[in-house]
Amino acid sequence: MSLGNSPNKFTIMRLEQSKSYALGMRFVARDEEQTQLDLTDCVIKLVAREQKHLGNAVVLTKTAVHVDDPNGLIRFDLQASDTDLDEGQYPYTITITSANDYSSVIIKGELVVEANPDDNNVNVFTGVNPS
87 MSLGNSPNKF TIMRLEQSKS YALGMRFVAR DEEQTQLDLT DCVIKLVARE QKHLGNAVVL
147 TKTAVHVDDP NGLIRFDLQA SDTDLDEGQY PYTITITSAN DYSSVIIKGE LVVEANPDDN
207 NVNVFTGVNP S
């Protein structure tokens, strides 16, 4: 794997407004000897912004929770207040910064915030199996 400052793939994340999410990820990076790199001293951040024509303001910033650093497992915990955004599309990046302050964008894409049909009863089910 080669790290650069601009990933070639575009990743779309779809979320409903005002819902909490735990987004787990496994980041696999290997050195020249194919040894899995440990994420212990790394900071991994998710940043989403408004579209440029709307001002480009940052609307979401989250630092990853380290779940299992030697195996590259991280998690972004998003609270309902974090996803309380207007419906729309928000460009985002996930960036890793090493202990020596080298940073690289590892994922970029678009966060699509969709309407929540009933934000007063998010994830509440009474007597009905939603599946």
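FYI, in my numbering the residues of the sequence shown are 87 to 217. Ideal placement from N, C-alpha and C gives every residue a C-beta, glycine not left out.
Q.
Which residue marks the beginning of the beta strand (DSSP E) containing E200, and which one marks its end?
A. 189-200
Q) Across which residues does DSSP place P177 in a beta bridge pair? A) As a beta-bridge residue in DSSP terms, P177 pairs with E196.
Q) Where does the unbroken beta strand (DSSP E) through G110 begin, and where does it stop? A) 107-112
**Q.** Beta bridge counterpart(s) of T149 as assigned by DSSP
**A.** K131
Q) Just checking, does the segment 172-181 make contact with the segment 118-137 on the three C-beta pairs under 8 Å criterion? A) yes
Q) Nearest CA to the CA of T218: which residue from T121, Q165, E200? A) In the structure as shown, the chain starts at 87 and stops at 217, and residue 218 therefore has no counterpart that could be examined.
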